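Protein chains in written order, with the working numbering: chain A, 302 to 439; chain B, 189 to 330. Notes to accompany the following structure.
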């Protein structure tokens, strides 16, 4: 059952990315380009997503557990560390340069030619490198 | 500004779908819909990886589902050179995994839990992304 939930979750998530237009790097960079031809679409995507998720999480967390798992696996870390800031800063630079973040990159993998494949391979290799560093506690 | 009302409406609808996907994962199996975390664990986790692989497969298949449902969308263009594309991919992947999340995990899910860490993460990557686009488009004219 967890596999079906995962698959449906991925399909609906990707459908949202396609419909929202966030699979188009130019639209994303259009939002980030405050002094150019600004495109506010990303704000309505984040707004729609955060409103639905905030209300839904509130309702879900009234239950003691999810349907097909023993508990809610919610991050418990609360301290601000240098990894959070440094990692987020680096991520933002790459996001600005390419106009793609991980979700849209995976969603367009089969849709946007060789550049999409290059981006995803580079991204996943770097993710695994960062995860290996994190795991060492560096 | 060059955009249409339809773009904004589709943005909000698509965003709501992303939210629904986050609720399916949390309500179904108690998981955060963070693409970075899911992707990394799909490779690294030994035991609980099947649902993560299924999630990534769902993402990959979703454009075909959108087409099958009659939603027409232009083929996304990645205009940068292959080298710049690879550099952007490395920065996105390393930064998101090192910082514990991307636009979905810290953005959608973290902000919806009122997480202070995620709020700081979002403020940080929004700032560096805006500065990067400014420099690339208006200073260096790339």
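We treat Cβ as the ideally placed atom computed from N, Cα and C, and that holds for glycine. Keep in mind the model is a prediction, meaning the values are calculated, not measured.
Touching or not, the segment 255-274 of chain B and the segment 233-243 of chain B, by the rule of three or more beta carbon pairs under 8 Å?
No: fewer than three Cβ pairs fall under 8 Å.
Measuring CA to CA, which of 321(B), 327(B), 296(B) is closest to residue 207(B)?
Here residue 207(B) refers to the residue found at position 19 when the second chain is read from its first residue. Nearest option by C-alpha distance: 296(B).
Along the chain, where does the alpha helix (DSSP H) that runs through residue 315(B) open and close?
The residue labelled residue 315(B) in the question sits at position 127 within the second chain. From DSSP, the alpha helix (DSSP H) with residue 315(B) extends over 304-322.
Determine the closest residue to residue 221(B) out of 326(A), 395(A), 404(A), with distance taken between C-alpha atoms.
Along the second chain, one-based indexing puts residue 221(B) at 33. Answer by Cα proximity: 404(A).
What whole-angstrom Cβ distance do residue 229(B) and residue 237(B) have, given they're in contact under 8 Å?
For the purposes of this step, residue 229(B) is taken as residue 41 along the second chain, with counting starting at 1. For the purposes of this step, residue 237(B) is taken as residue 49 along the second chain, with counting starting at 1. Confirmed, about 7 Å.
Would you mind working out which of 225(B), 209(B), 280(B) sits nearest residue 420(A), comparing C-alpha positions?
Within the first chain, the letter at position 119 stands for residue 420(A). Looking at the Cα atoms, 280(B) is the closest of the given residues.
Is residue 195(B) helix, strand or coil when you go by DSSP?
Looking up residue 195(B) in the second chain gives position 7. Of the three classes helix, strand and coil, the one that applies to residue 195(B) here is helix, per DSSP.
Expressed to the nearest angstrom, what Euclidean distance is found between the alpha-carbon atoms of residue 401(A) and residue 355(A)?
Residue 401(A) sits at position 100 when you count from the first residue of the first chain. Residue 355(A) sits at position 54 when you count from the first residue of the first chain. Computed Cα separation, rounded: 24 Å.
Whose C-beta lies closer than 6 Å to the C-beta of residue 302(A) among residues of the same chain, with five residues either side of it excluded?
Here residue 302(A) refers to the residue found at position 1 when the first chain is read from its first residue. For residue 302(A), where only same-chain residues beyond five positions count, the Cβ hits under 6 Å are 369.
Determine whether the Cβ of residue 418(A) lies closer than 7 Å to any Cβ atom of chain B.
As a first step, residue 418(A) must be located in the first chain, where it is residue number 117. It does not: the Cβ of residue 418(A) has no partner Cβ on chain B nearer than 7 Å.
Looking at the secondary structure, which residues open and close the alpha helix (DSSP H) in which residue 340(A) lies?
Numbered from its first residue, the first chain carries residue 340(A) at position 39. Careful: residue 340(A) lies outside any alpha helix (DSSP H) and carries neither H nor E.
7 Å is my cut-off, CB to CB: does residue 321(A) come that close to chain B?
As a working note, residue 321(A) is residue 20 in the first chain. For residue 321(A), the answer is yes, since a Cβ of chain B falls inside 7 Å of its Cβ.
Classify residue 370(A) as helix, strand or coil using the three-state DSSP reduction.
Counting from one through the first chain, the residue named residue 370(A) turns up at place 69. If DSSP states are grouped into helix, strand and coil, residue 370(A) belongs with coil.
Just to check my reading of the structure: residue 200(B) and residue 349(A) have Cβ atoms closer than 8 Å, yes? What is that Cβ distance to the nearest angstrom?
Locating residue 200(B) in the second chain gives position 12, counting from the first residue. Locating residue 349(A) in the first chain gives position 48, counting from the first residue. So it is a contact: roughly 4 Å between Cβ atoms.
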